[in-house]
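Residues are numbered in the working numbering as their position in the sequence shown, beginning at 1, plus a constant of 3. In what follows, a single structure is set out as structure tokens and then discussed.
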Amino acid sequence: MIPKINPESSIDPVYLNYFNRLKDANFLGDIEYSYSSRLAVATDNSVYQRLPQGVIFPKNRDDVVLAVKLASEPEFAGLKFAPRGGGTGTNGQSLTDWIVMDLSRHMRDIRELNVNERTVFVEAGVIKDYLNQQIKPHGLFFSPELSTSNRATFGGMISNDSSGQGSLKYGKTSQHVLTVEAVLLDGSLVTFGPVSGEALQAKMNQENMEGRIYRTVYNIAKEKREEILKTFPDLNRFLTGYDLKHVYNPETDTLDISRIICGAEGTLCFITGARIDLTPIPSYRSLVVIKYDSFDSALRHAPVLVEANALSVETVDSKVFNLAKQDIVWHSVKELIKEVPDKTMDGINIVEFAGWDNELEGSRMKSLTDSLDRDLGASGNTRGIIGYQTCTELKDILAVYAMRKKAVGLLGNAEGDAKPIAFTEDTVVPPKHLADYIQEFRALLDSHNLTYGMFGHVDSGVLHVRPALDLCNPEQEKTLREISDAVVALTAKYGGIMWGEHGRGYRAEYGPEFFGSLFVELRKVKAAFDPGNRINPGKICVPFGNDTDKLVSVDDTKRGSFDRQIPVEVRHSFRAAVSCNGNGLCFNFDKTAPMCPTYKLLGDRRQSPKGRAGLTREWLRLMQLDGADVLSEEKKLDESGFSLKAFFEKVSNTLNGDNVNDFSHEVRNVMDCCLACKACASACPVKVDVPDFRSRFLNLYFSRYLRPAGDILVKNIEQVTPYMAKVPRLLNAVNGLAPVKFITKKLWGFVDVPVMSYPTFNTLVKSTDAEYLDLDRMNGLSAEERGKYVILVQDAFTSAYDAKVIADFIVLASKMGRKVAILPLKPNGKVMHIRGYMKEFARAARSTADFFNQVYGLGIPMVGIDPAMTLCYRDEYRKILGDSRGDFVVQLTQEWLLDNLDSIRPVSAEKAGHEYYLMAHCTQKSLKPTTHADWTRIFATAGLKLVPVPVGCCGMAGLYGHLKANVERSKEIYRENWAPVFKKYPIEYCLATGYSCREQVRRMEEKNVLHPLQVLSTLL
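Structure (structure tokens):
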């Protein structure tokens, strides 16, 4: 039995008092200081970890003003804050020991769109891709690009002065910010933008904090102009903190404080919003993907490509795209980046042409491809070019960039304990020096025997280099320091900087050496805004006159120092949780993306794969510190039977009020919201598989505490359902009675119990030529006779609650010239796995796998109807059984149909008149990413048109939507994701592959949707 565990870190009473006062002051947003809430923002996409005192989530700018003014009271004068946006920083910019002010949850308002002037106001929490989605109908977009654009907020982008692909033409965020709205430390709400003449003088004459800021910055920018121009490098990228070079225009005597805020990393004020300018969407876009025999060849060719007047030149090394080949993303680009026969592709350049003059951009692209053809045709090709491909379709261009964007996270999925990590990943040097610089950089890494991945914006001289280190090893942490110091010197040698794109963060210690005597002026700027060093202290610089506080350092506390407290065998066993690197792709705002439905609904970062992984890591660590060996505990549970003593201990632990603060409860509350849809297992770049470690956690959690009564039903549902299905009308009538509904809800915790099929599965089968499998008889058939069969693998839910689908499969198979042999129903066990019955699941899986391996020996295809249940045989079975699972294969319906396309004949033109719309099951789309393409091809073969609908989770997820505790969340997820589909398309032509999806539609729409096989069964 696992012990009760208590969080280590208590909250300072002054901070707790502040949170209570803030709540009493009618703060409209959220105030959270539970251990789990604090842990959720203790990490970002960097290697660092800092546990804050709490998190506040302002609802609007008035909340920000209220929070800051309260902190100005004498009793709270020592409180410190750090603003936070998307939490995707790679250098710990938003991490703090104090209060995190997270503006991403609520402050997402977009207003004052002026299409003619191409401007809009965005609050700090607006996500870049969301804005572009909203303004696309007006032919506009916010042009600075970044790989985290589907979860990065404008507050964070402004603070980092973000930019990426296309920056040579589109520029950086600061070049598109017109004004910044912010709250200063005195609680005043100000707007910073270009000011000159009398207006500037009036600002400097103000006797308040704003006036002091204007006077300080103006005097420094004007008096130190020559030194500023000499110190700040002339590069496309700008080193964050503080932009004294662009804050002042001496020709017009104009001061624009917003340029100081851009790139300040949240150290000066609290950004609440900004007015930004927008760019017309290019009418022309095309890509040329150039392939090279080496990464060095790709780098050295880049300057030639820049001269082609392309929008951008992006490079990717072989390590990155080899990882992409193992990811779900590769299926969308494999035809766009084909291997070159008899050649080794060790690097690619992605060249984009985009603009508003189609003829001009097309001619530029042709000039480049003509040049490439000449190089390829030359007898002495010295450039290392081995081939190229072009993309002119927007969907293909977006697919290539999706792969490139995912490259950041994919590196975290490298094999072994050493993972490519961010700490020297955004160096910038003049592009003409890039190849020589990288050659020395690689020599440096090679001298430490490190592997690494490289990709980036070679047109700007920015290359993202991520060396692989195992920071659970203290010696490797020392290596991080050695490499950091060496890279600072190396970039200086080539006229560049270490922090060219992703912010300085914990690399702030290198600032004084780089800026020299000008660093004092930066400290004066900090002092004008934040004399008490209360806003993101330690980043960029400390205020002038403060010689006590220190800058943060690359030696600061890292995640690895916590993870190394977990035994290595436990880390390896729970790799699905421990490997999370904070990339944050699970924060994607797009509701059509499968990952992660509960986070999209709740906006609570704990309720995301990253949040759940972080809590699990901490839970494992605290367990170990308490002397509990989780692997031994799991083994004990596997080997033990029912114990009356253990049962009464559970009763005692459940009722004992002393256990109320057990951290395990916080973890369980977060796990209970998970739908176990498996989207994270494939969509996450590092494959954070929440359902896997969630099940193991619940298994251990319920060794200490009593299970809900409904779990008893769940554990046995596959065994009892076939018996219930024999009397469907009786059970349907009983379940429909109000007293029974009340008891079912109160006792078992279930609502909206689905209606059992009538006619029953057995009745429907009798009207077909299908037969129940007789293994001995099948073994006696010849191979030719067995070739006429297909074996149907039942699942308890489809057979009992949606039997017509199975009957229609039998009809379809018959029309295709196959006879169906039905396997006797064997428990699949997925529901046991979801609820953490690991011993029982293993037992069921072992029994079913043994039987299926016997059947598989017949050489007859085995097909499952429900995708979630079918894919369980491939995923959860392999994890729980390992090699003992055997080699049996249960195909998805579409896989079997694809293997037998020659048996599908096109329907008549009269029958082919309708268009059908496919909503595939989340698990199916995640673990079988070709699902949409598969069904589209099958329907096309039948002469039918199928349109895949990009849609998120339906909210049912097996039994999840029937649980009383989840029902409202389940329905809300449906309303957000699926309900709009039926307003757009006629429901009678909408198709769903998952049983639970169809059941959710029945509940919410009181109508039936078909499985795609049922359309084929009817029309063929």
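Glycine included, each C-beta is placed from N, C-alpha and C at the ideal position.
Proximal residues to ASN416 (C-beta, below 7 Å), its chain only, five neighbours per side dropped: By one-based count along the sequence shown, residue 416 stands at place 413. These residues qualify, in order along the chain: LEU326, PRO688, VAL689 and LYS690.
Kindly indicate which residue of ASP878, PHE444 and ASP420 has the alpha-carbon position closest to the one of ASP429. In the sequence shown, the residue the question calls residue 429 occupies position 426. Answer by Cα proximity: PHE444.
For the stretch 177-253, which segments carrying the alpha helix (DSSP H) assignment without a break, of at least 4 residues, lie completely within its bounds, in sequence order? Within the stretch 177-253, the complete alpha helix (DSSP H) runs of at least 4 residues are 200-208, 212-226 and 228-234.
Mapping DSSP to helix, strand and coil, what is LYS613? Locating residue 613 in the sequence shown gives position 610, where the first residue counts as 1. If DSSP states are grouped into helix, strand and coil, LYS613 belongs with the helices.
If the criterion is Cβ atoms closer than 7 Å, does the pair TYR245 and VAL528 meet it? The residue given as residue 245 occupies position 242 in the sequence shown. The residue given as residue 528 occupies position 525 in the sequence shown. Between TYR245 and VAL528, the gap from beta carbon to beta carbon is short of 7 Å.
By how many angstroms is the C-alpha of GLY167 removed from the C-alpha of ASP376? As a first step, residue 376 must be located in the sequence shown, where it is residue number 373. As a first step, residue 167 must be located in the sequence shown, where it is residue number 164. Within the model, the alpha-carbon separation for ASP376 versus GLY167 is close to 29 Å.
My assumption, with CB atoms under 8 Å, is that LEU947 sits in contact with ALA912. Please give the rounded CB distance. Here residue 947 is taken as the residue at index 944 of the sequence shown, counted from 1. Here residue 912 is taken as the residue at index 909 of the sequence shown, counted from 1. About 11 Å separates the CB atoms of LEU947 and ALA912; that is not less than 8 Å, and the two are not in contact.
Confirm, please, whether the CB-CB distance from GLY190 to VAL68 is below 7 Å. Taking the first residue of the sequence shown as position 1, residue 68 is located at position 65. Taking the first residue of the sequence shown as position 1, residue 190 is located at position 187. The answer is yes: Cβ separation under 7 Å.
If the criterion is Cβ atoms closer than 7 Å, does the pair LYS83 and PRO540 meet it? On the sequence shown, position 80 is the one that residue 83 refers to. On the sequence shown, position 537 is the one that residue 540 refers to. Contact flag set, yes.
According to DSSP, is ARG469 helix, strand or coil? Along the sequence shown, read from residue 1 onward, the residue named residue 469 stands at position 466. The answer is strand: DSSP assigns ARG469 an E or B state.
Taking Cβ positions, are VAL557 and ARG484 nearer each other than 7 Å? For the purposes of this step, residue 557 is taken as the residue at position 554 of the sequence shown. For the purposes of this step, residue 484 is taken as the residue at position 481 of the sequence shown. Result yes, Cβ atoms of VAL557 and ARG484 sit closer than 7 Å.
So the candidates are ASP869, ASP772 and ALA803; which of them puts its Cα closest to the Cα of ARG821? Here residue 821 refers to the residue found at position 818 of the sequence shown. Closest option to ARG821, Cα to Cα, is ASP772.
When we look at the beta-carbon of GLY159 and count the other beta-carbons within 10 Å, is it buried (16 or more) or exposed? Position 156 of the sequence shown, counted from the start, is the residue given in the question as residue 159. Within a 10 Å sphere around the beta-carbon of GLY159 sit 16 or more other beta-carbons, which makes this residue buried.
Between the alpha carbons of ILE231 and VAL431, how many angstroms are there, rounded? Residue 231 sits at position 228 when you count from the first residue of the sequence shown. Residue 431 sits at position 428 when you count from the first residue of the sequence shown. Answer to the nearest angstrom: the Cα atoms are 19 Å apart.
Taking the alpha-carbon of ILE400 as reference, which of VAL461, PHE532, GLU338 and TYR440 has the nearest alpha-carbon? Here residue 400 is taken as the residue at index 397 of the sequence shown, counted from 1. For the residues VAL461, PHE532, GLU338 and TYR440, the minimum Cα distance to ILE400 belongs to GLU338.
ARG114: which of GLU126, MET104 and VAL950 sits nearest, CA to CA? Counting from one through the sequence shown, the residue named residue 114 turns up at place 111. Taking only the C-alpha atoms, the option nearest ARG114 is GLU126.
Separation of ARG53 from GLY32, as counted between CA atoms: Walking along the sequence shown from the start, residue 32 turns up at place 29. Walking along the sequence shown from the start, residue 53 turns up at place 50. Cα-Cα distance, rounded: 23 Å.
Given the structure, does VAL323 come close to the ligand NAP, in the sense that its CB is under 6 Å from one of the ligand's heavy atoms? The ligand NAP is not among the ligands present in this structure, which contains no ligands whatsoever.
Which residue from THR801, HIS451, SER40 and PRO953 puts its Cα closest to that of ARG608? As a working note, residue 608 is residue 605 in the sequence shown. The option with the nearest alpha carbon to ARG608 is SER40.
Proximity of ASP164 and THR176 at Cβ, strictly below 7 Å: Reading the sequence shown from its first residue, position 161 is the one you call residue 164. Reading the sequence shown from its first residue, position 173 is the one you call residue 176. The answer is yes: Cβ separation under 7 Å.
Through-space distance from PRO600 to PHE764, alpha-carbon basis: Along the sequence shown, one-based indexing puts residue 764 at 761. Along the sequence shown, one-based indexing puts residue 600 at 597. If I take the Cα positions, the gap works out to 33 Å.
Between the stretch 281-297 and the stretch 73-81, are three or more C-beta pairs nearer than 8 Å? The stretch 281-297, when compared against the stretch 73-81, does not touch it at the 8 Å Cβ threshold.
Report the partner residues of ASP105 according to the DSSP bridge assignment. As a working mapping, residue 105 is identified with position 102 in the sequence shown. BP columns for ASP105 point to ARG87.
Could you tell me the distance, in whole angstroms, from the CA atom of LYS986 to the CA atom of TYR920? Numbered from its first residue, the sequence shown carries residue 986 at position 983. Numbered from its first residue, the sequence shown carries residue 920 at position 917. Distance from the CA of LYS986 to the CA of TYR920, rounded to the nearest whole angstrom, comes to 13 Å.
Nearest CA to the CA of THR494: which residue from SER520, ALA438 and THR151? Start at 1 with the first residue of the sequence shown, and residue 494 comes out as number 491. Considering only alpha carbons, the answer is ALA438.
List the whole-angstrom C-beta distance separating LYS2 from ASN584, where the pair is believed to meet the contact cut-off of C-beta under 8 Å. Nothing about residue 2 can be read from this structure; the chain reaches only from 4 to 1023.
From the DSSP output, read off the bridge partner residues of VAL950. Here residue 950 is taken as the residue at index 947 of the sequence shown, counted from 1. When DSSP reads this structure, VAL950 sits in a beta bridge with TYR920.
Continuous beta strand (DSSP E) stretch holding GLY92: start and end: Counted from its first residue, the sequence shown places residue 92 at position 89. From DSSP, GLY92 is part of no beta strand (DSSP E); its letter is neither H nor E.
Below 8 Å on the Cβ atoms is my guess for GLY660 versus PRO711; work out the distance and round it to an integer in Å. Your numbering for residue 660 matches position 657 in the sequence shown. Your numbering for residue 711 matches position 708 in the sequence shown. That pair is no contact at about 19 Å.
Per DSSP, what are the beta-bridge partners of GLY867 in this structure? Position 864 of the sequence shown, counted from the first residue, corresponds to residue 867. Answer is VAL796 and LEU895, bridged to GLY867.
Mapping DSSP to helix, strand and coil, what is MET457? Counting from one through the sequence shown, the residue named residue 457 turns up at place 454. Assigned with DSSP and collapsed to three states, MET457 falls in strand.
Go ahead and pull the three-state DSSP assignment for SER911. In the sequence shown, the residue the question calls residue 911 occupies position 908. SER911 falls in the coil class under three-state DSSP.
Do VAL354 and VAL403 have their beta-carbon atoms positioned less than 7 Å apart in this structure? Translated into the one-based positions of the sequence shown, residue 403 becomes position 400. Translated into the one-based positions of the sequence shown, residue 354 becomes position 351. In this structure, VAL354 does not lie closer than 7 Å to VAL403 by Cβ.
Inter-residue spacing [alpha-carbon to alpha-carbon] between LEU302 and VAL461: In the sequence shown, counting from the first residue as 1, residue 302 sits at position 299. In the sequence shown, counting from the first residue as 1, residue 461 sits at position 458. So the two alpha carbons sit approximately 7 Å from each other.
For VAL756 and ASN738, believed in contact at Cβ under 8 Å, the rounded distance: Here the question's residue 738 lines up with position 735 in the sequence shown. Here the question's residue 756 lines up with position 753 in the sequence shown. 5 Å between Cβ atoms; contact.
Exposure label - GLU478; buried when at least 16 CB within 10 Å: Taking the first residue of the sequence shown as position 1, residue 478 is located at position 475. GLU478 sits exposed, since fewer than 16 C-beta atoms from the chains shown fall within 10 Å of its C-beta.
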